[in-house]
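Q: Numbering (my numbering), first residue to last: 936 to 2096.
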Amino acid sequence: ASGSGTLDVEGGRIQASQIDIANGNFQAKVQTSNLDLGALALVPPQFNGPVSGNVTVSGNLNNLTIDAIQGKGSGQLNVAGGQLLGTAEFSNGKFQGVFQPTNLQLWEINPDLRGRLNGSVNISAPLLLTPDKALSAIQAKGKLNFSKGISVLERSLATSFDWNGQRLEIKEATAEGFNANGFVNLNPGSQGLQAIKTFDFQVQAENLNLQRLPADLPYALNLGGLVGFNGRIAGTPQAPTINGDLRLRYFFAGPLEFESLLTGRVSIAPKSGVNLQLAGNQEKLEVVLDPNYQPVSFLVQYQDKTASGIRSGDELQMTVENLPINTIKSLALSSGMVDGQNLEPWLSKPLAGDICGNMALNLKTFGSSGKIEIANPIFDNLRGDMLEGFFQYQQGTMTLTDGLFEKGDSQYLFAANVTPTPNGPEFNGELQAKLGEIQDVLTTLQLFEITDLGRGFQTPVYGTAADLAVSGVGNSQNGLKKPLRRMSEIVKLLNRQRQQRQESFLLPELTELNGAFTGSISLVGSVKDGIRAEFNFQGENWQWGSYKAETIIAQGNFAEGVLNLLPVRIQSGQSLATLSGSISELGPSGQLRLKKVPVSLIREVFRFPSSVGYGGFVDATADFYGSLSNPQARGAISVVDASLNQTPLESIKGSFSYKNARLNVFAQSFLTKESEPLTVNAKIPYKLPFAEVEPENRQVSVQLKVENEGLARLNMLTNQQIAWVDGKGQVDLDISGTFDQDQDWLQQLEQLTVVGNINVEDATIAAQALPEPLTEVNGKIRFNFNRMEIVDSLQGNFGGGKLVAVGNLPLRDLPRALENPLTVDLNQLAINLKGIYSGGVKGKTIITGTLFNPRIGGYIELFDGRVPISESQTAPSGSSGSAGEELIEFNNLQLTLGKNILVRQLPVLDFLASGTLLINGDMSDIRPEGTIQLLRGQVNLFTTQFRLDKNYNNNARFVATLGRDPELDVQMVASVIESRKQPITSETFANEISDRPTNFGTTETIRVQAKVKGLASQLFDRVELNSMPKRSEGEIVALLGGGFVDTLGRGNSTLGLANLAGSALLSNVSNLIGDAAGLDEFRLFPTTVTDDNRRTDRLELGAEAGINITNNLSFSLLKVLTTDQPIQYNLRYRVNEEILLRGATDFSDDTKITVEYENRF
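1) Enumerate in chain order the residues of its own chain whose CB-to-CB distance from I2088 is below 6 Å, with the five nearest sequence positions on each side excluded.
2) Output the distance between the C-alpha atoms of Y2092 and P1964, rounded to the nearest integer angstrom.
3) Expressed to the nearest angstrom, what Euclidean distance is found between the alpha-carbon atoms of D1845 and R2067?
4) Alpha carbon to alpha carbon, how far is I949 from N969?
5) Let me know the secondary structure DSSP gives A1404 once reduced to three states.
6) Can you find the residues in the same chain that come closer than 7 Å, C-beta to C-beta, to A1075, ignoring five residues on each side of it along the sequence?
7) For V1980, which residues from the same chain have a beta carbon less than 7 Å from its beta carbon, with the 5 sequence-adjacent residues on both sides left out?
8) Taking DSSP's pairing of strands, which residues face A1310 in a bridge?
9) Along the chain, where does the alpha helix (DSSP H) that runs through I1971 open and close?
10) Suppose only complete runs of 4+ residues qualify. What are the alpha helix (DSSP H) ranges in the region 1007-1090, listed by chain order?
11) Distance, Cα to Cα, L1322 vs L1335?
12) Just checking my contact of G1054 with Q1031 at CB under 8 Å: how many whole Å lie between their CB atoms?
13) Going along the chain, which residues of its own chain have a beta-carbon closer than 6 Å to the beta-carbon of L1296, five neighbours each way excluded?
14) Is the region 1370-1384 close to the region 1455-1462, with three or more CB pairs under 8 Å?
15) Have a look at S937 and V965 and give me their C-alpha separation to the nearest angstrom.
16) Would you say the region 1032-1052 touches the region 988-1005, given that touching needs at least three Cβ pairs under 8 Å?
17) Using beta-carbon positions only, say whether N1886 and L1869 come within less than 8 Å of one another.
18) Quick check: I1260 and L1286, are their CB atoms within less than 8 Å of each other?
19) Can you find the residues in the same chain that come closer than 7 Å, C-beta to C-beta, to V1947, ignoring five residues on each side of it along the sequence?
20) For M1858, does the three-state DSSP call read helix, strand or coil?
21) Smallest Cα separation from V1666: which of P1312, V1615, G1525 and V1635?
22) For N1762 and R1839, I'd like the C-alpha separation in whole angstroms.
23) Please list the terminal residues of the continuous beta strand (DSSP E) segment that includes T1453.
24) Would you report the Cα separation of A1752 and E1384, rounded to the nearest angstrom?
25) Report yes or no: do three or more beta-carbon pairs, one from the region 1132-1147 and one from the region 1161-1180, lie closer than 8 Å?
26) Taking 7 Å as the limit between beta carbons, can you name the residues of its chain near S1009, skipping five residues before and five after?
27) So for Q1146, helix, strand or coil by DSSP?
28) What residues match up with F1113 in a beta bridge as DSSP calls it?
29) Between K1588 and chain B, is any beta-carbon pair separated by less than 8 Å?
30) With distances taken from CA atoms, which of P1842, G1050 and T1851 is nearest K1834?
31) Taking 8 Å as the threshold, find out whether the region 1470-1488 comes into contact with the region 1442-1450 through three or more Cβ pairs.
32) Which whole-angstrom value is the C-beta distance of Y1560 and A1596, which I expect to be below 8 Å?
33) To which residues does DSSP link G1872 through a beta bridge?
34) Any chance the region 1570-1581 sits against the region 1629-1637, with 3 or more Cβ pairs inside 8 Å?
35) List the DSSP bridge partners of R2077.
36) Please state the DSSP three-state secondary structure of K973.
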């Protein structure tokens, strides 16, 4: 018979065909297609998949046992993203087949596996298997390839194995850097690790990931690196034995990163424990553990850091050198060796330093004790050079004894105890400062600026770099030059901003407070309940900016967030300041007392003008209260032995209050007991640096009253530069405006409004800058909000004339100029300003601008006067002046040099000048513009006198951009003698001097011309010297000083000294006579005359008058005035450079005519 059939099961199909039954035998062919394997047999879900295949079976109908059926077939299971292919045949109750996994995704079969599986496995086994004997009945051998390795081997692995039912023999397992072989004896009747009886492998491996090794460490230590091993691994899972060579690459343990390669051996045995010996070029790692994996000894040598230990009983005695405390912290927290949860509030803060010391660790309780030294310790904001002491840690309790903390020269002794509780750690401690530094305390408390005091004892919250909204600029290809220049600019800007911020505060920053102290503090507390403390400190020679204190005593306590001062005393000499009270987050409350504090110190704090000399001592009492955000105070102040600019004051008393960022002050000052007081009542908005409350408004008001004798304070305030001598006067002013403490106070002063009057009657006012006082000063000045008005006029007598002032002057810049500006009439004044000007002054000045920045215009004429010139006045402009000078500006002030104005620098120069200048600029940078004519005058150079050439337009031209450096255009002439024999005198000014009256001799008169055209500051570079007849510049210079030098050189010292004296004493007389007579030249000079009878020379006085008929023809008269010799008449005519005709006669017995020819070569 024959037949076929089809059965559809779970989406698949079983089809039987070619069924043939004959003679009791049967044969059939079965084909499956996409049959769900889970529908046929109970299999794990990851192995369930569609199966297809063909099976041919045959047998006898009379014997349908499994042993009598034969068959063969092939199939395909789609599972885990791949395929499992197989062929098999069975007979006599046994089957044998070949199975080939192809690209099976191992992670779908087991999440701990990775990669894909390929290979071929031959399997033989009985067809009938029971679960308990299935593993031992199967025999298999084959090859499997794991694309990404297994377990710690993270690379492609090829294996060859053989299983006989009891032993799995790994004939070969190879991968890149890996080779292993060995066997595992199994007990098929057991499960898990219990099924492994023994194993034995030879392994050669490189670059295995240490973090993937299945090591059961006692603590969760963060270990990493690449492992290399060559050796034997054998034994049982419960008692493995490992022996071999070990290599570690890039090994790290927590934050410690060792050398790139450590080599050595490792030995692990059940009875002997662990012995690990690794070493690099400089670093070592050695560990010995007992069979229970408890430490026996260890050595870690890392860079210059060393940690070693050896166990004695339950204690591990350890020694560390230069071990970073932050490393220990990281290891302890990450491994769970300490209770990080309870200690987290402390261990989360910055903790650093290098530890050296000896410690003991109990391996059962993990308690520890020992002595340590920490170099450069850091705990939170506390930083130092050295910390040492004894410690003990037991069940979460930390105890410190005999502690010493050093920072620079500072030394602090301490002891402390920290105990964990369910509510957080509790602590107590004592600190003794043998030699402390206040900056250590301020830095620890993070107090750097006055404003930091406003947060009380709260920890500051700082931002991070991520909080800065910055964007990248520049180009990395442009080099470093521009970035470095920009960085320099930024540093300068920051320094400028820091300086401006410092100047805006009345007190220095806390970073400038320096001083040493001694004392002690004891404290107890907890994170929950806070700190309770008591302290007692003493300091000496503290300095805060420019302020100094000789002794400081601070006593008090701190509890429940309140600091109580009992009190704080600051003393320097006889000066004493005491502060008592309490300070809390709610605010301060207490009293400040000052006793004999120098006024000069108060002046520095409030930055009173340095031009005023303050003297005396301050006594004051201030009660303060309120809050740190809105502090308040009230008190009284008095000044003992008060003085202004060394002038005593009878008394200064006042009171003040401070509330809502506004200071109210009332004060009175008495010059004498009988004098009228100076009364000041002021209200000023000012927020303390640490306060938060702003003033309600920025309005400031000051009432100022003083009269009669009280005005004598003007003498003191101006340091006697301006003095109230006598008379009647009254000042009654109300000053108001706005004030912003962060802005320039001087600029804000200009914006103030003033209302009130200043009355002056028959007053006498003296000034050091004036040679005589102003007398009979009368007038009234009215301040009308934004302007100063002179009612009618303000008059006074001065220098034989009268000063009259009328008009208005604004206090600040106004949108429109005033119609009646301040005008001062100068009526025929005679003044004598020593070193500046003496003579007559008249004119009218117009003062515009503002009271604090006046601009002087109008006109001033000088007449019948003298302007002396010193060397300092001839320097070019550009020198800086004081800030006060820069506030006074000139506005086209017309300065006229009128009749008879002489400009002199005797005995060098003397000019008669005339002209008009327009003056602009300010007192520190005067910018004149105009031309001054030099009408006549002379300049003395050695023994030669140059006179201005009256036929030349001599002038000095001032240009505004050049300041006080005029452009000179001057031409001067002089005559000098060139001779081979002794002339009458070494200096000559006439056109012709032949010789002594009685002897003609061989001489030559040289006319010298000096021309200057250029800036006065370049005078010596701009002088041009010419002569007729022509001489070189060197010869001209020699001739200019020749008269004096020549006479001394020839031994005639008497005549030489007479010539020198004559040039200084007789030149002015000669000039006066010559100018009055209209002569081109006139001179008086000393000379010697020979007495033929006595054959001696005697000193006489000579005179010569001359006129220039033309440039080449001149005539002169020469007479020795002190003898009876007749007058000599001289005529001189120069034909050319080589020929000179000269004649001389006294119309008696001495007449001469000379023709001279000269050719210089």
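Glycine included, each C-beta is placed from N, C-alpha and C at the ideal position.
It should be emphasised that the depicted structure is a prediction, and the values quoted were computed from it without experimental measurement.
A: Well, looking at it:
1) Closer than 6 Å at Cβ, skipping near neighbours: G2078.
2) Y2092 and P1964 have their C-alpha atoms some 12 Å from each other.
3) D1845 and R2067 have their C-alpha atoms roughly 30 Å apart.
4) Approximately 9 Å between the Cα atoms of the pair.
5) Note: A1404 maps to coil in three-state DSSP.
6) The residues are V1056, N1057, I1058 and W1098.
7) Low confidence applies here, because V1980 scores a pLDDT of 43, under 50, leaving its location unreliable and the question unanswered by this model.
8) A1310 pairs with D1289 and M1321.
9) Note, I1971: alpha helix (DSSP H), E1968 to L1975.
10) With a minimum length of 4 residues, the unbroken runs of alpha helix (DSSP H) contained wholly in the region 1007-1090 fall at 1041-1044 and 1069-1072.
11) Going by the C-alpha atoms only, they are around 11 Å apart.
12) No, G1054 and Q1031 are not in contact; Cβ-Cβ is about 18 Å, not under 8 Å.
13) The answer, listed in chain order, is L1251 and S1303.
14) The answer is no - the region 1455-1462 does not touch the region 1370-1384, with fewer than three Cβ pairs under 8 Å.
15) Here the alpha carbons of V965 and S937 stand approximately 14 Å from one another.
16) No contact exists between the region 1032-1052 and the region 988-1005.
17) No, the pair does not count as a contact, with Cβ atoms beyond the cut-off.
18) For I1260 and L1286, yes; Cβs fall inside 8 Å.
19) Cβ within range, chain order: L1903, V1905, L1954, R1957 and V1958.
20) When DSSP states are grouped into helix, strand and coil, M1858 belongs to the coil group.
21) Comparing Cα positions, the closest option is V1615.
22) One C-alpha to the other measures close to 26 Å.
23) From DSSP, the beta strand (DSSP E) with T1453 extends over L1448 to S1461.
24) Rounded to the nearest whole angstrom, the C-alpha separation of A1752 and E1384 is 46 Å.
25) The answer is yes - the region 1161-1180 touches the region 1132-1147, with three or more Cβ pairs under 8 Å.
26) Counting only Cβ-Cβ distances below 7 Å, and skipping sequence neighbours, we find G988, N989, G1021 and T1022.
27) In the structure shown, Q1146 sits in a helix (DSSP, three-state: H, G or I).
28) DSSP lists A1110 and A1140 as the bridge partner or partners of F1113.
29) The structure shown contains no chain B; it holds only a single protein chain.
30) If we check each option's Cα against that of K1834, T1851 comes out closest.
31) Because the criterion of three Cβ pairs below 8 Å is met, the region 1470-1488 and the region 1442-1450 touch.
32) Between Y1560 and A1596 a beta carbon distance of about 15 Å is seen, past the 8 Å cut, so the two are scored as non-contacting.
33) Under DSSP, G1872 shares a beta bridge with F1846.
34) No: fewer than three Cβ pairs fall under 8 Å.
35) R2077 is bridged to R2067 and T2089.
36) The sequence given here places Gly at residue 973; Lys does not occur at that position. Three-state result, G973: helix.
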